[in-house]
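Heads up, the thing below is written out as structure tokens.
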Amino acid sequence: MVNDKELGIWGQHAMKDTQGSEIIPELNPEKNDIIIEKKWYSGFVDTELPAILKKMGADTLIFVGVSTDICVQNNVGHAYFSGYRTIIPQDCTASIDEAAHEQALKYMKSIYGAEITTSEKVL
């Protein structure tokens, strides 16, 4: 993406069709899954995600992925300010730095009211 502001900060990382951005087989999309390609830290920016969630009548969102302290935190923030209840299975998120991961979880819980839990409890 030519105008990707993230490239200036992080360099090329987890970008579509690059090494490391592949979806693991266990998470391959199924026939009726909706796929949204995010362009920034948050999937709520410049995508159809807000409209899709509204149309679905969603009220609770579960967030997983990397990086806890960047992309996950930005998505949870957007969800919070959009009125959604947020859940984060902490064993389904990660960061390059464990301290940053833990701090992000604490921040999302205290500032955004996110429910921090485990994948076992979510499933």
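Residue -12 is where the sequence shown starts when you use our numbering, and the numbers rise one by one after that. Just so it is clear, CB atoms sit at the ideal spot from N, CA and C, and this is done for glycine as well.
query	result
Can you tell me the Cβ-Cβ gap for residue 133 and residue 73, rounded? I've got them flagged as a contact below 8 angstroms.	As displayed, the chain neither begins before -12 nor continues past 110, which places residue 133 out of reach and without an answer.
In terms of residue numbering, what span does the alpha helix (DSSP H) encompassing residue 40 cover?	36 to 43
Taking three-plus beta-carbon pairs below 8 angstroms as touching, is the stretch 32 to 46 in contact with the stretch 1 to 10?	no
How is the beta strand (DSSP E) around residue 11 delimited, first residue to last?	Per DSSP, residue 11 belongs to no beta strand (DSSP E) and is neither H nor E.
How is residue 110 classed by DSSP in three states: helix, strand or coil?	coil
For residue 50, count neighbouring Cβ atoms within 10 angstroms of its own Cβ and tell me buried if that reaches 16, exposed if not.	buried
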